[in-house]
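A.B. asks: Numbering (full-length UniProt numbering), first residue to last: 1 to 66.
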C-alpha cells in the first residue's frame, strides 16, 4: 500500500483541522483575556504611581516643617 501524498486531505484530516480550529479559537480567547488583565494591571500601576507621588509630596511637606 502506498501512503497518500502529504498534501491530500481525507475525513480524519478535516476532523483534526476542525478541532485544531476550535483549539485556536480557545487560545485566541485566552490571549484576549490576558490582554484585558494586563490593561487592568497597567491602569492600576498608573494609579499606584500617582498615589506614590502624592505620598512623597506629603512626606516632603512634613519634612520641610520639621
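Beta carbons: idealized from backbone N, C-alpha and C, even for Gly. On a predicted model such as this, the values are computed, not experimentally measured, just so you know.
Just verifying my parser: in three-state terms, what is the DSSP assignment at residue 31?
C.D. replies: For the purposes of this step, residue 31 is taken as the residue at position 31 of the chain shown. Residue 31 falls in the helix class under three-state DSSP.
A.B. asks: In three-state DSSP terms, what is residue 66?
C.D. replies: Sequence index remark: in the chain shown, residue 66 carries index 66 (1-based). Reduced to three states, the DSSP call for residue 66 is coil.
A.B. asks: Per DSSP, what kind of secondary structure is residue 14 in: helix, strand or coil?
C.D. replies: Counting from one through the chain shown, the residue named residue 14 turns up at place 14. Residue placement at residue 14 is poorly supported in this model, since its pLDDT is 49, which falls under 50; the coordinates are not used for a value here.
A.B. asks: What does the alpha-carbon distance come out to for the pair residue 50 and residue 62?
C.D. replies: Stepping through the chain shown from its first residue, residue 50 is reached at position 50. Stepping through the chain shown from its first residue, residue 62 is reached at position 62. Using only the alpha carbons, I get a separation of about 19 Å.
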